[in-house]
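One structure is given here, and the rest of the page talks about it.
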Amino acid sequence: MPLLLRRPLSPSLLSSFFLLRRRPMSSKSISPDPINPSTTRIGWIGTGVMGRSMCGHLIKAGYSVTVFNRTISKAQTLLDMGANLADSPNSLASQSDVVFSIVGYPSDVRRVLLDPNSGALSGLSPGGVLVDMTTSEPSLAEEISKAASSVDCFSIDAPVSGGDLGAKNGKLSIFAGGDEATVKRLDPLFSLMGKVNFMGTSGKGQFAKLANQITIASTMLGLVEGIVYAHKAGLDVRKFLEAISTGAAGSKSIDLYGERILKRDFDPGFYVNHFVKDLGICLNECQRMGLALPGLALAQQLYLSLKAHGEGDLGTQALILALERLNNVSVQSVVA
1 MPLLLRRPLS PSLLSSFFLL RRRPMSSKSI SPDPINPSTT RIGWIGTGVM
51 GRSMCGHLIK AGYSVTVFNR TISKAQTLLD MGANLADSPN SLASQSDVVF
101 SIVGYPSDVR RVLLDPNSGA LSGLSPGGVL VDMTTSEPSL AEEISKAASS
151 VDCFSIDAPV SGGDLGAKNG KLSIFAGGDE ATVKRLDPLF SLMGKVNFMG
201 TSGKGQFAKL ANQITIASTM LGLVEGIVYA HKAGLDVRKF LEAISTGAAG
251 SKSIDLYGER ILKRDFDPGF YVNHFVKDLG ICLNECQRMG LALPGLALAQ
301 QLYLSLKAHG EGDLGTQALI LALERLNNVS VQSVVA
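Position 45 (the sequence shown) corresponds to 45 in the UniProt record's numbering; numbering is contiguous.
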């Protein structure tokens, strides 16, 4: 039998009921459309060494992509592939559902995403998503997330590791922080660039990437010290690297940079200048946490010495130059 009300609803309760029914739902309470090339518009800010390849994978997958870069010539490859060009992050975001950024420094991130006039967030429609893939400050990631939430948008911090080869081959490690459901929704895009690892709430992606950089810094220092030692001991350095690559000393750094170092190929897969920035952020976070990481501090000093010698635009494998100068040796002299 149907349930009958013993007493009629009062006019005030009826009024409240219908007002509630008419109240529009927040965009965050509405299930967003699935990500796919036919309906999802992509914006991409930053088309440097990494960003150019990462964005290229999205274009090849059939997504409609709009790009912005301060130096237009660096975006030309993507424009030739069919991307559209925007004259500001704001304009780009107004044409996009998901906006990716991968720029140089935290100040750049703040400018392209949060500037009240030209920033991407000011042009993004409710329900839109910002994905910052720059290695930046965890506190800034949290600030961006709060700003996005205040206008019914989403923000994910998703810095990456893997260098230029990882970007070209779609094999990057992606460290994601933010709303887990949003990260899962973006997986069709992330999977074109590499493997996404959900690390926790906003800022946790940045913390994971900073820990990654600390690990890389010490690994790279060990690699170049081993090379200098092997050279000084009279070993064939190439045979030495081949011998250790399959043992306990094997590492991604050897795979990515061992041969480059021997060939004196210092083209940037990742700039020394940007690595100095990353390690500086790490040290600032260590000070805040009360942590002493002497390996990190030493690595940062050695990379700073490269910058002081005008070598900041070389790749991180150029660390060998600092060790050669310290020891007055040149591994180049025995490289065929």
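The beta-carbon is built from N, C-alpha and C at its ideal position, and this holds for glycine as well.
Keep in mind that this is a model prediction, so the values were computed, not measured.
Taking C-beta to C-beta, are residue i and residue j nearer than 7 Å?
i: Q206; j: D157; result: yes
i: T316; j: K209; result: no
i: S102; j: G82; result: For the record, residue 102 in the displayed sequence is Ile; it is not Ser. Cβ distance not < 7 Å, so I102 and G82 don't count as in contact.
i: V65; j: A75; result: no
i: P106; j: E142; result: no
i: A299; j: A217; result: yes
i: I144; j: V160; result: no
i: A230; j: V237; result: yes
i: M289; j: M193; result: no
i: L321; j: V276; result: no
i: P116; j: D152; result: no
i: D164; j: G269; result: yes
i: R41; j: S96; result: yes
i: G258; j: L241; result: yes
i: G203; j: G162; result: no
i: F266; j: A318; result: yes
Quick check: the Cα distance between residue i and residue j, rounded to an integer number of angstroms?
i: S73; j: Y271; result: 19 Å
i: R264; j: I227; result: 13 Å
i: L13; j: G123; result: For L13, the pLDDT reaches just 42, beneath the cut-off of 50, and the residue's location in the model is therefore unreliable, although a value from the coordinates is still provided. Distance between the alpha carbons of L13 and G123: 40 Å.
i: K146; j: I244; result: 47 Å
i: residue 337; j: L85; result: Given a span of 1 to 336 for the chain in the structure shown, any question on residue 337 remains unanswerable.
i: Q301; j: L314; result: 16 Å
i: R110; j: V329; result: 43 Å
i: T219; j: L92; result: 39 Å
i: H274; j: G104; result: 7 Å
i: F154; j: G200; result: 15 Å
i: P294; j: I35; result: 44 Å
i: L326; j: L306; result: 12 Å
i: A167; j: S150; result: 33 Å
i: L140; j: L114; result: 10 Å
i: E180; j: V196; result: 11 Å
i: V183; j: S88; result: 26 Å
i: I254; j: L221; result: 11 Å
i: A211; j: S94; result: 35 Å
i: R70; j: K171; result: 27 Å
i: M50; j: L78; result: 13 Å
i: A292; j: I281; result: 14 Å
i: T215; j: S251; result: 11 Å
i: G310; j: T39; result: 46 Å
i: L5; j: A148; result: Residue confidence for L5 is low, a pLDDT of 42 falling below 50, so the modelled location carries little weight; the figure read from the coordinates is stated next. Taking the straight line from one Cα to the other gives about 44 Å.
i: G312; j: S191; result: 31 Å
i: Q332; j: G128; result: 51 Å
i: K28; j: A248; result: Low local confidence applies: a pLDDT of 44 at K28 is under 50, so the model's placement there is unreliable, and no value is given.
i: N90; j: Q287; result: 36 Å
i: R23; j: M133; result: Model confidence at R23 stands at a pLDDT of 33, short of 50, so the residue's coordinates are unreliable and nothing is read from them.
i: K239; j: P188; result: 41 Å
i: D80; j: R52; result: 12 Å
i: G48; j: N169; result: 16 Å
i: D33; j: F198; result: 21 Å
i: F18; j: L283; result: Low local confidence applies: a pLDDT of 36 at F18 is under 50, so the model's placement there is unreliable, and no value is given.
i: I261; j: E285; result: 31 Å
For residue i and residue j, which I take to be in contact (beta-carbon distance under 8 Å), what is that distance rounded to the nearest angstrom?
i: S99; j: G43; result: What sits at residue 99 in the sequence shown is Val, not Ser. V99 to G43, Cβ: 4 Å. Contact.
i: G56; j: P37; result: The pair is not a contact, with the Cβ atoms about 14 Å apart (cut-off 8 Å).
i: L296; j: L279; result: 6 Å
i: L186; j: V131; result: 7 Å
Could you tell me which residues DSSP pairs with residue i in its beta bridges?
i: G177; result: D157, G200
i: A66; result: For the record, residue 66 in the displayed sequence is Thr; it is not Ala. G43, N84.
i: K195; result: S173
i: G315; result: Y271
Does at least one heavy atom of the ligand PLP sit under 6 Å from the Cβ of residue i?
i: A83; result: This structure lacks the ligand PLP; in fact it carries no ligand of any kind.
**Study point:** Every unbroken beta strand (DSSP E) within the region 200-275, with a cutoff of 3 residues, ordered by chain
**Key:** Taking only runs of at least 3 residues, no beta strand (DSSP E) segment lies wholly in the region 200-275.
Practice item. Could you tell me which uninterrupted alpha helix (DSSP H) segments, each at least 4 residues in length, are contained entirely in the region 83-156, listed from first to last along the chain? Key: Counting only runs of at least 4 residues, the region 83-156 fully encloses the following alpha helix (DSSP H) elements, listed from N- to C-terminal order: 89-94, 106-114, 138-150.
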